[in-house]
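The block underneath contains the structure these notes are about, expressed in structure tokens.
Number of protein chains: 2
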Amino acid sequence: MTDVRGKVNIGLLGCGTIGSGVYHVLTKNADALADSAGRPLSISRILVKAVDEPRPFEVDASIMTTDSREILEDESIDVYIEVMGGLEPARTFALEVLGRGKSIVTANKELVAHHGRELMEAAAATAAQVKFEAAVGGGIPLIRPMEESLGGDVVQKMLGIVNGTTNYILTQMSVEGSDYSDALAEAQKLGYAEADPTADVTGIDAASKLAILCSIAFKCGVTSDQVYREGIQAVRPDDIENARELGYAVKLLAIASRANGGISARVHPTMIPLDHPLASVSGNFNAIFVIGESVGELMFYGQGAGSLPTATAILGDVVNIVRSLGRPPVTRRSYWSRPGQVLSIEETKTRYYMVLKVVDRPGVLAQLAGVFGEQQVSLESVMQKGIGDSAQIMLITHEVQERNFRAARDSLEKLDSVQEIPSVIRVESA
Amino acid sequence: MTDVRGKVNIGLLGCGTIGSGVYHVLTKNADALADSAGRPLSISRILVKAVDEPRPFEVDASIMTTDSREILEDESIDVYIEVMGGLEPARTFALEVLGRGKSIVTANKELVAHHGRELMEAAAATAAQVKFEAAVGGGIPLIRPMEESLGGDVVQKMLGIVNGTTNYILTQMSVEGSDYSDALAEAQKLGYAEADPTADVTGIDAASKLAILCSIAFKCGVTSDQVYREGIQAVRPDDIENARELGYAVKLLAIASRANGGISARVHPTMIPLDHPLASVSGNFNAIFVIGESVGELMFYGQGAGSLPTATAILGDVVNIVRSLGRPPVTRRSYWSRPGQVLSIEETKTRYYMVLKVVDRPGVLAQLAGVFGEQQVSLESVMQKGIGDSAQIMLITHEVQERNFRAARDSLEKLDSVQEIPSVIRVESA
């Protein structure tokens, strides 16, 4: 089935969990890949930190090198795969490769989220390609469908579960009733969370992924520091239970939409209706829900991380590049140079769930209602839970601008009758 | 953003619900499409049965013709879109267009499912392209992700809700407790079911779509008549209620997998666990769940029909073709000429739910168990519902070959103690 042209030489930059997975799948599925790509694929050289590191899959040590010049300057290499992670030296290597007119596939979300514009411009300058399907949603085909299949539509909104660690933790808290730190410890024990979980639990990882999705969907350059974020550390088992009573699930969502001539882009714990397709995405799975003007609602679901799913996405990109080697690239991303106009979180409109610990005396509810009214925050539902010292008010607002909600919250905190506001979570319908 | 080459002329074959939707989206999103495709797109001629037909979207009547020669022989047309439906004259027209070296995008599932091989061979002969993203799952990006993003993986199994009409009916039966005919009448009233619903409710439509998915996923030619099918007409509200008690939802699934060196391909009502992502796909939505060797579980969800979602998929294909106009096509489907080895349903292995009306006397259960044992059918669970005249046995088997299950069923029907077997539904876990 393959044509007569010779094999494609691939330079692999990095060979940890993902890199060795790429080597494994490429070797195992060599025939299917050659069939898809039209030419046999072969990893001809691998850049490693140390040859003897333990790796989840066996890799031919004879093609490894610790000298970056040896692989970057190897003229026989046709395509590079970057799976080192981190900003440097990944950025410098990628720019060098692109400068030589060689295409590169990367799984590095930070790299694309921070330096996307620089990469796209470097690629355009030499007619090389940058592909990064694996950077968002692991093995889920997402970037290419968004760029190509939806090329005839206008994306209005995206809501994504793009971080498996936090989704695992929130699922555990929901199913087992465990609190945040126990669920985190469990995730760490199972290898779903890193020893230092900061990037996951504070939403940094999700913000990088959302920046990339925004750039693709809204055709402009969005960087991760433009994305507002709140992590899941403050989510309490009580909130998850309250949410369920109210008909919602609590998820860390990455949300972006067109709003007021700009883009709203934010990552935060979110209550979504239990019958929303995202609500039942559990454990360490990822899913991205997209609303297009014409196509309506779409959802892409799958394993957002892991060595083999990520390897599949990388190899899909490699196949795509190999199919068009020697031709001018068809993917046009000149829009990445146009900076995205991201709104401040204060301008964002959403609904809010709030819990207040209040003193249990007549007139308190009227006082609260008065404060909300002053800030044009109207309430969708109000419930009192408990009486006496444990009295709590649980409410959900109608849609309101964050600025007004914050003003109301500040005023509430100053009231004598309000002892504490233990929880605020944003609420989305779709 | 668009380059200096001239506009792309599109010939639209058919202008009903979908065709007028294509015209509408192409006109409305002209700028975004030009940006994605690299050249402006324009529908220059439209083949219609009658110029004055009522259409959901306004279409320029001055470019309509009722003379097929006028559009098929128009040398200025670069790409064709076929949305006439049905086998003829769609097939003849498509082959003629491909014979002239022009690419064609079709939404016609019957055409691809019946004549896929002929179309792919005609396209290969003139280096033209056939694209059919809209033929399965409406607006859901599916064909291209399966072909390209999963090019480095091996698909093991697919389970799809690919018919919105039957999913709407089964959802209504589940939510409202209504019976099949009432739910069908409701679907017809809302326009989700045709006046003659045969193709939907008997699984013909789903079988065509599954044949296309099998061809793509398993890289061989599968036609719709190779797909085993059972419709939803015999599903009873009782079955849906029983299923829920047992922890399952009832869906019309299109299922395909690699099995015994061949392919198992079947469409039938199926019980799937309530926590499976397909179980919560409700109303007229579609979803296709794919298990790949490396990528693991994926699901693609969205609107499987409707004018605008389908138009989006068609225009995504058009953009893809325009981007590579004048270059040799990269999509290789020579595998379509290799006939798929589809197993007989008797060789398929699955689990079964069965309800038996039995006479309520001692020893009946032992008698049933004996019959199952003779045919190597082992039982996962057995429940008795009701007593006396209304006694029913409800059981679920372990995985067993259909051949053995059928033999057991035949023997059961001959027992004096079995009055009736009102229901048998296959059960899948993933």
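Chains as they are written, first to last, in our numbering: chain H, 1 to 430; chain B, 1001 to 1430. Glycine residues also receive a C-beta, built at the ideal position from the N, C-alpha and C atoms. Since we're looking at a predicted model, the values are computed, not measured.
Measuring only the C-alpha atoms, how far is residue i from residue j?
i       : j       : result
H/V136  : H/A313  : 10 Å
H/A122  : B/E1176 : 58 Å
B/L1379 : B/A1234 : 23 Å
H/L368  : H/S381  : 13 Å
H/D182  : H/D196  : 15 Å
H/M299  : H/P277  : 8 Å
H/C214  : H/S224  : 10 Å
B/E1433 : B/A1211 : With chain B covering only 1001 through 1430, there is no way to say anything about residue 1433 of chain B.
H/G86   : H/N108  : 7 Å
B/V1154 : H/H24   : 14 Å
B/D1074 : B/R1039 : 20 Å
B/D1239 : H/A249  : 29 Å
H/L316  : H/F218  : Going by the sequence as given, residue 316 of chain H is Gly instead of Leu. If you take the alpha carbons of H/G316 and H/F218, they lie about 24 Å apart.
H/S334  : H/M173  : 43 Å
B/S1044 : B/G1302 : 31 Å
B/D1416 : B/L1365 : 13 Å
H/L95   : B/I1104 : 39 Å
H/C15   : H/S42   : 15 Å
Exposed or buried, residue i, counting other C-beta atoms within 10 Å across all chains shown (16 or more means buried)?
i       : result
H/M383  : exposed
H/V97   : buried
B/D1003 : Residue placement at B/D1003 cannot be trusted, given a pLDDT of 42 that sits under 50; what the coordinates show is reported in the next sentence. The residue is exposed, with fewer than 16 neighbouring Cβ atoms inside 10 Å.
B/S1390 : exposed
B/R1144 : buried
B/A1256 : buried
B/M1001 : Confidence in B/M1001 is poor, its pLDDT being 36 and thus under 50, which makes the residue's placement unreliable; the coordinate value appears in the next sentence. Label assigned to B/M1001: exposed.
H/V22   : buried
H/R361  : exposed
H/P339  : exposed
H/G139  : buried
B/E1133 : buried
H/L190  : exposed
H/N260  : exposed
Name the DSSP bridge partner or partners of residue i?
i       : result
H/M383  : H/M394
B/H1268 : B/L1253
B/G1231 : DSSP lists no partner for B/G1231.
B/K1349 : B/Q1401
H/P89   : Partner(s): none; H/P89 has no beta bridge.
B/V1105 : B/I1081 and B/K1131
H/E420  : H/K357
B/L1298 : H/G302 and B/V1290
B/N1042 : Just to set this straight, residue 1042 of chain B is Ser in the shown sequence, not Asn. For B/S1042, which the question treats as bridged, DSSP gives the partners B/N1009.
H/I263  : H/R258 and H/V342
B/L1064 : Here residue 1064 of chain B is Met; the residue named in the question, Leu, does not match the sequence. B/I1046.
H/Y248  : H/P273
H/V427  : H/M271 and H/R351
List the residues of chain B that residue i touches, going by C-beta distances under 8 Å, in chain order.
i      : result
H/V25  : G1152, D1153 and S1294
H/V319 : E1148, G1151 and G1152
H/E311 : First, the amino acid is wrong: residue 311 of chain H is Ala here, not Glu. The contacting residues are G1152 and S1294.
Could you list which residues in chain B have their beta carbon closer than 7 Å to that of residue i, in chain order?
i      : result
H/Y248 : None at all; the shortest Cβ gap to chain B is about 15 Å.
H/R332 : G1038
H/I140 : L1298
H/G316 : E1148, S1149, L1150, G1151 and G1152
Along the alpha helix (DSSP H) that carries residue i, what are the first and last residues, could you check?
i       : result
B/Q1439 : Chain B is shown only over 1001 to 1430; residue 1439 of chain B falls outside these bounds and no answer can be derived.
H/S112  : Note that residue 112 of chain H is Val in the sequence shown, not Ser. Start and end: K109 to T126.
H/Y23   : T17 to K28
H/E186  : Y180 to K189
B/D1205 : I1204 to F1218
H/A199  : T198 to V201
B/N1320 : S1307 to R1323
How would you list, in chain order, the residues of chain H whose beta-carbon sits under 9 Å from the beta-carbon of residue i?
i       : result
B/Q1303 : V295, G296, E297 and L298
B/R1144 : P141, R144, P145, E148 and S149
B/R1229 : What B/R1229 touches in chain H: nothing, since even the nearest Cβ is about 26 Å away.
Could you tell me which chain B residues have their CB closer than 9 Å to the CB of residue i, listed as they occur along the chain?
i     : result
H/N29 : G1152, D1153, V1154, E1293 and S1294
H/A32 : G1151, G1152, D1153, V1154 and K1219
Could you give the residue range of the beta strand (DSSP E) that holds residue i?
i      : result
H/G160 : V155 to I161
Please list the partners that residue i has in chain H, where partner means a Cβ-to-Cβ separation under 8 Å.
i       : result
B/E1133 : S149
B/S1280 : D275, P277 and S280
Give the residues of chain D in contact with residue i, contact being defined as C-beta atoms less than 7 Å apart.
i       : result
B/R1327 : Judged by its chain identifiers, the structure shown contains no chain D, and its protein chains are H and B.
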